[in-house]
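Enquirer: My structure is below; once you've seen it, I'll send some questions.
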Amino acid sequence: MSRIGYRRLVAVALVAGIGLTGAACSDSKKDDTGSKAASSDAGTPLDPKTKVTISVDCEPPTTKAAERKQWIDDVAEFNKQYPNVTVKSKDAFPCEDPAKFTAMLQAGSETDSFYTYMTDLQQVLDAGQAADISAYVNDRTVPNLKDIDPGVLNVLKDGGKLYGLPTSNYQMSLIYNRKIFQDAGLDPNKPPTTWDEVRQDAKVIQDKLGGKGINGYMDNSAGNQGGWHLVSEMYGVGSKAVDDSGQKAAFNNDQTKGVLQTLHDMRWTDKSMPATPGLQWGDVQKAMGTGKIGMYVGAPDDIPLVVQQYKAKFDDIGMAPIPGGKTALFGGADYMFKKSATPDQIKAGIAWINFKFLTLEKGQFNYPRNKADGLPVGLPQPFFFTGASKAKDTETKTASATVPVDNFKTYVDAQVPVLPEPPNAQKIYTVLDTVMSGVLTNKNADLSKLLSTAETQVNSLLAASQ
30 MSRIGYRRLV AVALVAGIGL TGAACSDSKK DDTGSKAASS DAGTPLDPKT
80 KVTISVDCEP PTTKAAERKQ WIDDVAEFNK QYPNVTVKSK DAFPCEDPAK
130 FTAMLQAGSE TDSFYTYMTD LQQVLDAGQA ADISAYVNDR TVPNLKDIDP
180 GVLNVLKDGG KLYGLPTSNY QMSLIYNRKI FQDAGLDPNK PPTTWDEVRQ
230 DAKVIQDKLG GKGINGYMDN SAGNQGGWHL VSEMYGVGSK AVDDSGQKAA
280 FNNDQTKGVL QTLHDMRWTD KSMPATPGLQ WGDVQKAMGT GKIGMYVGAP
330 DDIPLVVQQY KAKFDDIGMA PIPGGKTALF GGADYMFKKS ATPDQIKAGI
380 AWINFKFLTL EKGQFNYPRN KADGLPVGLP QPFFFTGASK AKDTETKTAS
430 ATVPVDNFKT YVDAQVPVLP EPPNAQKIYT VLDTVMSGVL TNKNADLSKL
480 LSTAETQVNS LLAASQ
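Have a look at this one:
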């Protein structure tokens, strides 16, 4: 299971607990100036002569032999440039377990450079554990900074201050089975890009292949996955889960109702969806991997899962932008820096993260090495570069590709603007599960009433978090 997938499941299981992803904003945020103030030369790269030790987590576990060896090799190569930096690596899988992460923050026991999810910033700030790295990050210390998607960087900022650097991210999409499209007489190189087209293609698949137990489309309805999918889908048509203030629900509108009406009609009129909707993370992935559905909304990290766990073929899986293409929900992972770290430790941590995760043709972008080590090359992830860096990354990735890059071309070329998950994401998803469940399990569902009730509940939980 992918790291992102693992976290979705754990976050759902623990949502009633304390300090989870998408933690509520709090007026009790601790002062982040700290005693280790940035020196006047914070914006200069680390001097290779500087002797410093840093601890870093998320070293791949020994069960991931290729990735583990690559990490060790990269530390050795990094030390050629910075021979006096000692990198103390801490391995773990998953890199972040929500309950353990919360306990770590409370104890102040995180590593000097510590792995987080992009929805964790407020929780880390509330715990007073994040160093402000604004003065340290520029185009000298992170040469590709100008080509990192501003929407991704903005998620790592609070009050104009930068607290982290991205290492991976995903952007929600439409994942589809190219073989099923072809068998149904549809063009696999022209996937649907609107909900009307999704409905049309799903019906064609159902009419042509339903007798073989294949459905045109599938969606989730429970376990916080229904709400998460609905937010992803409403983003695609230009709606938001909450308003710009983060204090009021913003989904009770015609755009969201239009998505729900389409899902209702696919389920009850066209019967192009399964009678039992997916209930949790893994249901739609299994259905795709075993060739039982034509389409579903998902993220790029699903693709290795459906291939490795459910034995689908990379050649059969395609990706298109989220239907509507207005905005796409995104998330991912990053590194933050311990508030008590010294300026040299912060500089060294940034230098390591830059080398391992943000330098083209190095670290995670060393595609020839990934190919030689039997890792899939060509998937549209990580997906945070724009401009010249994106063009170069696409070129080098394609040159070493072990999966059909063209299958994801529609998705990659779309350049859909991104939006992060809403505040209090998991609690909002719990509320919106009832909306998705109502639409997919009740033929006579009152869409307006479902949305109105959910709006009232979300407004109440947002008010309680202020």
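Position in the sequence shown (from 1) plus 29 gives the number in my numbering.
Ideal placement from N, C-alpha and C gives every residue a C-beta, glycine not left out.
Everything numeric in this text was worked out from a predicted model, so none of it was measured.
#1: For the stretch 215-263, which segments carrying the alpha helix (DSSP H) assignment without a break, of at least 4 residues, lie completely within its bounds, in sequence order?
#2: With a threshold of 16 other CB atoms inside 10 Å of the CB of Asp103, please say whether the residue is buried or exposed.
#3: Asp331 and Gln309: beta carbons closer than 8 angstroms?
#4: Use the C-beta contact count for Gly256: other C-beta atoms within 10 angstroms, 16 or more gives buried, fewer gives exposed.
#5: Among the residues of its own chain, which have a CB less than 6 angstroms from the CB of Lys385, if the five just before and after it don't count?
#6: Span of the alpha helix (DSSP H) holding Asn198?
#7: Mark Lys426 as exposed unless 16 or more other C-beta atoms lie within 10 angstroms of its C-beta, in which case mark it buried.
#8: Taking the CB atoms as reference points, tell me whether Gly354 and Thr222 lie closer together than 8 angstroms.
#9: Just tell me which of Thr388, Phe343, Leu259 and Asn244 has its CA closest to the CA of Pro195.
#10: Beta carbon of Lys119, beta carbon of Ser84: below 8 angstroms?
#11: Please return the same chain residues whose Cβ sits closer than 8 angstroms to the Cβ of Thr470, not counting the five positions on each side in sequence.
#12: Could you give the distance in angstroms between the alpha-carbon of Lys109 and the alpha-carbon of Ile177?
#13: Please go through the same chain and pick out, in chain order, the residues whose beta-carbon is closer than 7 angstroms to the beta-carbon of Pro303, but skip the five residues on each side of it.
#14: Would you list the residues sitting across from Leu358 in a DSSP beta bridge?
#15: Does the distance from the CB of Ile346 to the CB of Asn218 come in under 8 angstroms?
#16: Put Glu424 into one of helix, strand or coil per three-state DSSP.
#17: Who does Glu88 pair with in a DSSP beta bridge?
#18: Comparing alpha-carbon positions, which option in Ser489, Asp272, Thr115 and Ser481 lies nearest Pro449?
#19: Enumerate in chain order the residues of its own chain whose CB-to-CB distance from Phe504 is below 7 angstroms, with the five nearest sequence positions on each side excluded.
#20: Between Val233 and the rest of its own chain, which residues show a CB-CB distance below 8 angstroms, the 5 nearest in sequence each way excluded?
#21: Considering Met295, what are the terminal residues of the beta strand (DSSP E) in which it resides?
#22: From this set, Val460, Pro77 and Gly275, which residue's C-alpha is nearest Gly252's C-alpha?
#23: Could you give the residue range of the alpha helix (DSSP H) that holds Met317?
#24: Does the distance from the CB of Met465 to the CB of His258 come in under 8 angstroms?
#25: Quick check: the Cα distance between Leu476 and Val468, rounded to an integer number of angstroms?
#26: How big is the Cα-Cα spacing for Ile457 and Gln276?
#27: Compute the beta-carbon to beta-carbon distance between Val326 and Met201, rounded to the nearest angstrom, for a pair I have assumed lies under 8 angstroms.
#28: Cα separation between Ser57 and Asp155?
#29: From the DSSP output, which residues share a beta bridge with Gly327?
#30: Once the 5 residues before and after Pro451 are set aside, which same chain residues still bring their CB inside 8 angstroms of it?
#31: Please state whether DSSP places Ala349 in a helix, a strand or coil.
Expert: According to the structure shown:
#1: When DSSP assignments are scanned along the stretch 215-263, the uninterrupted stretches of alpha helix (DSSP H) that are 4 or more residues long and fall wholly within it turn out to be 224-238.
#2: Counted from its first residue, the sequence shown places residue 103 at position 74. Buried, because 16 or more other Cβ atoms sit within 10 Å of the Cβ of Asp103.
#3: As a first step, residue 331 must be located in the sequence shown, where it is residue number 302. As a first step, residue 309 must be located in the sequence shown, where it is residue number 280. Result no, Cβ atoms of Asp331 and Gln309 do not sit closer than 8 angstroms.
#4: For the purposes of this step, residue 256 is taken as residue 227 along the sequence shown, with counting starting at 1. Gly256 should be labelled buried.
#5: Here residue 385 refers to the residue found at position 356 when the sequence shown is read from its first residue. The answer, listed in chain order, is Asp103 and Gly392.
#6: Working through the sequence shown from its first residue, we reach residue 198 at position 169. Here Asn198 belongs to no alpha helix (DSSP H); instead the beta strand (DSSP E) covers Gly193 to Gln200.
#7: As a first step, residue 426 must be located in the sequence shown, where it is residue number 397. Buried, by the Cβ-count rule.
#8: By 1-based counting over the sequence shown, the position of residue 354 is 325. By 1-based counting over the sequence shown, the position of residue 222 is 193. For Gly354 and Thr222, yes; Cβs fall inside 8 angstroms.
#9: On the sequence shown, position 166 is the one that residue 195 refers to. When the alpha-carbon of Pro195 is set against those of Thr388, Phe343, Leu259 and Asn244, the nearest one is in Thr388.
#10: In the sequence shown, residue 119 corresponds to position 90, counting from 1. In the sequence shown, residue 84 corresponds to position 55, counting from 1. Yes; because the gap between Cβ atoms is below 8 angstroms, this pair is in contact.
#11: The sequence position of residue 470 within the sequence shown is 441, counting from 1. Taken in chain order, the residues that qualify are Ser250 and Pro306.
#12: Against the sequence shown, residue 109 aligns to sequence position 80. Against the sequence shown, residue 177 aligns to sequence position 148. Going by the C-alpha atoms only, they are around 26 angstroms apart.
#13: The residue you call residue 303 lines up with position 274 of the sequence shown. So the qualifying residues of the chain are Asn244 and Met247.
#14: Along the sequence shown, one-based indexing puts residue 358 at 329. For Leu358, which the question treats as bridged, DSSP gives the partners Leu448.
#15: Stepping through the sequence shown from its first residue, residue 346 is reached at position 317. Stepping through the sequence shown from its first residue, residue 218 is reached at position 189. No, Cβ-Cβ distance for Ile346 and Asn218 is not below 8 angstroms.
#16: Here residue 424 refers to the residue found at position 395 when the sequence shown is read from its first residue. Glu424 falls in the helix class under three-state DSSP.
#17: To locate residue 88, count along the sequence shown from 1; it is residue 59. DSSP lists Asp120 as partners of Glu88.
#18: Numbered from its first residue, the sequence shown carries residue 449 at position 420. Nearest option by C-alpha distance: Asp272.
#19: Because the chain is modelled from 30 through 495, residue 504 falls outside the range shown and cannot be assessed.
#20: The residue given as residue 233 occupies position 204 in the sequence shown. Answer for Val233: Ala213, Gly214, Leu215 and Gly245, listed in chain order.
#21: Position 266 of the sequence shown, counted from the start, is the residue given in the question as residue 295. From DSSP, Met295 is part of no beta strand (DSSP E); its letter is neither H nor E.
#22: On the sequence shown, residue 252 is found 223 positions in, with the first residue counted as 1. Answer by Cα proximity: Val460.
#23: Counting from one through the sequence shown, the residue named residue 317 turns up at place 288. That run of the alpha helix (DSSP H) goes Asp312 to Gly318.
#24: If you number the sequence shown from 1, residue 465 lands on position 436. If you number the sequence shown from 1, residue 258 lands on position 229. The answer is yes: Cβ separation under 8 angstroms.
#25: Residue 476 sits at position 447 when you count from the first residue of the sequence shown. Residue 468 sits at position 439 when you count from the first residue of the sequence shown. Rounded to whole angstroms, Leu476 to Val468 spans 7 angstroms at the Cα level.
#26: Here residue 457 is taken as the residue at index 428 of the sequence shown, counted from 1. Here residue 276 is taken as the residue at index 247 of the sequence shown, counted from 1. Going by the C-alpha atoms only, they are around 12 angstroms apart.
#27: In the sequence shown, counting from the first residue as 1, residue 326 sits at position 297. In the sequence shown, counting from the first residue as 1, residue 201 sits at position 172. By a beta-carbon distance limit of 8 angstroms, Val326 contacts Met201. Their separation comes to about 6 angstroms.
#28: Counted from its first residue, the sequence shown places residue 57 at position 28. Counted from its first residue, the sequence shown places residue 155 at position 126. Because Ser57 sits at a pLDDT of 37, beneath the cut-off of 50, its placement in the model cannot be relied upon, and the point is left open.
#29: Indexing the sequence shown from 1 puts residue 327 at position 298. Partner(s): Ser202.
#30: As a first step, residue 451 must be located in the sequence shown, where it is residue number 422. Excluding positions up to five away in sequence, the list reads Gly51, Val260, Lys269, Ala270, Val271, Gly275 and Ile457.
#31: Locating residue 349 in the sequence shown gives position 320, counting from the first residue. Reduced to three states, the DSSP call for Ala349 is strand.
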